[in-house]
Structure formats: structure tokens, C-alpha cells
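**Student:** Quick note on the numbering used here: the sequence shown kicks off at -10 and runs consecutively. For reference, the structure I am asking about is given below.
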Amino acid sequence: MTYAASLPGQPRGGDIAGPATTRARCVLAPNPSPMTLDGTNTWIVAEPGSGLAVVIDPGPLDESHLKAVIDTVEQGGRRVALTLLTHGHHDHAEGAGRFAELTGSPVRALDPALRLGDEGLGAGDVITTGGLELRVVPTPGHTSDSLSFHLPADAAVLTGDTILGRGTTMVAHPDGRLGEYLDSLRRLRSLTVDDGVTTVLPGHGPVLNDAQGAVEFYLAHRASRLAQVETAIEAGHGTPSEVVASVYAEVDRSLWPAAELSVRAQMDYLREHGLV
-10 MTYAASLPGQ
0 PRGGDIAGPA
10 TTRARCVLAP
20 NPSPMTLDGT
30 NTWIVAEPGS
40 GLAVVIDPGP
50 LDESHLKAVI
60 DTVEQGGRRV
70 ALTLLTHGHH
80 DHAEGAGRFA
90 ELTGSPVRAL
100 DPALRLGDEG
110 LGAGDVITTG
120 GLELRVVPTP
130 GHTSDSLSFH
140 LPADAAVLTG
150 DTILGRGTTM
160 VAHPDGRLGE
170 YLDSLRRLRS
180 LTVDDGVTTV
190 LPGHGPVLND
200 AQGAVEFYLA
210 HRASRLAQVE
220 TAIEAGHGTP
230 SEVVASVYAE
240 VDRSLWPAAE
250 LSVRAQMDYL
260 REHGLV
């Protein structure tokens, strides 16, 4: 899930559904909402010429969507050999069990409770299905089990909810932690600087064609919000709900519950660092 308000200065990208890079194609789930933007992006990733495909985040338990993903894979002359999860939120992972039944593919995730098969995922793992190379990048913060997947051949990274195609994500307190989230953003920035990543394939919203700009935007936005939360606390707003009303006043009230989770995470961060 996301905190997905549109913001000025947000990097803009390309299309949501369809081919995004040489190896990655998106099938958009029919679950749009203020929390999921246009819906969940289910990613099909495959090496050119290979008969095997990897599916990342099957999405919600929606039979028509799961079948649309399978149809798209088969139209490319492939079969689903592996399913990966960026994290366990329902809009990304709820359909994984049924998808595994339909495809016979194992499901790999960081959280053992989400796995279907013997193997999990961890830092440094490399997926090589059908000649593909996907590198597992730990990016906790939105949730404790959040992962990203580096697709070096396309200079791309699949970020789940860590970076969105529009707006910003929430830190899902108490499972998500702001310090870990900032470290994850810095890790993604290193991919753009040291490994030449140029494209973000997000879990929601359009593709971003300036990966470094997107990461820098997220870091700057988070620093700005943290400063606003600190100022609100110093002004006497002592509870998370009071801080939300002060800092997120311009945000649609339907998103305030999600904003409060991020505020709680920010308040914890400020206390841990002795700033309030």
C-alpha cells in the first residue's frame, strides 16, 4: 500500500501498462484507489528468446487479473517459471497463492510466511531463470520485508512500494521504520550512481525514466517532511493525529490514516536520534 498524493516537482515517467524495457512488461491490476494509484503493477520479466518468465507481484486475488497475466506471458511464447514478491501487502501478494496454483510456479519472498516452495529471497541473491539476471536488493522501510530487484541488462530497478511512479510512499509503522527507509533510498541511489540504473519500474504508477532524479526527490521530500514534523512537535502538537492535521493539511483527508503511520514512524525516528 502507498501514501500516494501527487506532489509538485515529482519526476514524471512513461506508460503504466505494456512494455517498459526490453525485458519487463507491466499488466495493471484492476484495483485503483487513493492508496494504490491506478492499480498494482504486476511485472513480467523475461530474457529475450527465453521460454521462461518471472512474474513480480501477482497483485490482489482477482481471477481475471491473474488470468490476464498468464495470457500475456503465453502470448509471448513463454510460461511462468517463478513468482517473486516485493513485500507482503495484499495489493501485491494476496493473489500469489492462487497464481501459484494456476501456473505451478514457486513463490519466493523475504517473509517465510509468503513463500510457496523451499527457497526464500535475501540480500545478494541473483535470479537466473531462463538466462535472466535479477539481483535482489534489500530495501526495508516501507515494510520490514520490502525488496527491490535490479535488472542490470535494462539498467532498471523494480522497486515495489519503495519508490512509486507518482507521489510518495508511506512508512508503514510499526513494521516500517524511517531509518531503514532512508538507508534503502541511499542504497537505490548507489545503484543509479555506481551501477548505471536509469529506470524505475514501480509497484504503482508510471515508469520513471530518471531513476537518480526520483531517488533524490524522495530523499529531499522525506527530509522536508521530517523537518515539518519536528517543527509541529516543537509548536505543541503532541499526538500523531495533531501532527498530521498540521503537516498534511493539504492532503486529501482520506489519506490521513496512512499519513499518520508515516508520522508515527517519523516521531519514533526523531526520538531515537534525540531530536525531540
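Glycine included, every Cβ here is placed at the ideal spot set by N, Cα and C.
Contact between the region 44 to 56 and the region 198 to 216: three or more CB pairs below 8 angstroms?
**Tutor:** No, they do not touch.
**Student:** On the DSSP letters alone, give me the boundaries of the alpha helix (DSSP H) that L55 sits inside.
**Tutor:** That run of the alpha helix (DSSP H) goes 52 to 64.
**Student:** Would you identify the three-state DSSP class for R124, choosing helix, strand or coil?
**Tutor:** In the structure shown, R124 sits in a strand (DSSP, three-state: E or B).
**Student:** Tell me the DSSP bridge mates of E26?
**Tutor:** Sequence inspection shows Leu at residue 26; the Glu mentioned does not correspond to that position. Its beta-bridge partners are S22.
**Student:** Could you check if Q64 is buried or exposed, using at least 16 other CB atoms within 10 Å of its CB as the buried criterion?
**Tutor:** That one is exposed.
**Student:** If you check the beta carbons only, do H81 and H131 fall under 8 angstroms apart?
**Tutor:** No; because the gap between Cβ atoms is not below 8 angstroms, this pair is not in contact.
**Student:** Can you tell me whether S133 is helix, strand or coil according to DSSP?
**Tutor:** Coil at S133, not helix or strand.
**Student:** So G192 packs on G149, CB below 8 angstroms; how close in whole Å?
**Tutor:** Right, their Cβ atoms sit about 4 angstroms apart.
**Student:** Taking only three categories from DSSP, how would you classify G149?
**Tutor:** Looking at G149 - three-state DSSP - the assignment turns out to be strand.
**Student:** Which residue comes first and which comes last in the beta strand (DSSP E) that contains V189?
**Tutor:** Where V189 is concerned, the enclosing beta strand (DSSP E) stretches over 188 to 191.
**Student:** Skipping 5 residues on each side, what residues in its chain have a beta carbon closer than 6 angstroms to that of R124?
**Tutor:** Excluding residues within five positions, the ones whose Cβ falls inside 6 angstroms are V115, H139.
**Student:** Looking only at its own chain, which residues have a Cβ that is under 6 angstroms from the Cβ of T25, when we skip the five neighbours before and after it?
**Tutor:** Closer than 6 angstroms at Cβ, skipping near neighbours: D80, H193.
**Student:** Here's a check: name, in chain order, each residue in its chain whose Cβ is nearer than 7 angstroms to the Cβ of E219, leaving out the five neighbours to either side.
**Tutor:** Once the five neighbours on either side are set aside, the close Cβ partners of E219 are L259, L264, V265.
**Student:** What are the start and end residues of each continuous alpha helix (DSSP H) run of 4 or more residues lying completely inside the region 166 to 248, in chain order?
**Tutor:** Within the region 166 to 248, the complete alpha helix (DSSP H) runs of at least 4 residues are 167 to 183, 200 to 223, 229 to 236.
**Student:** Measuring straight from C-alpha to C-alpha, what distance separates D199 and L190?
**Tutor:** Rounded to the nearest angstrom, the two C-alpha atoms are 11 angstroms apart.
**Student:** Give me the DSSP bridge partner(s) of F138.
**Tutor:** Note: F138 sits in a beta bridge opposite V125, L147.
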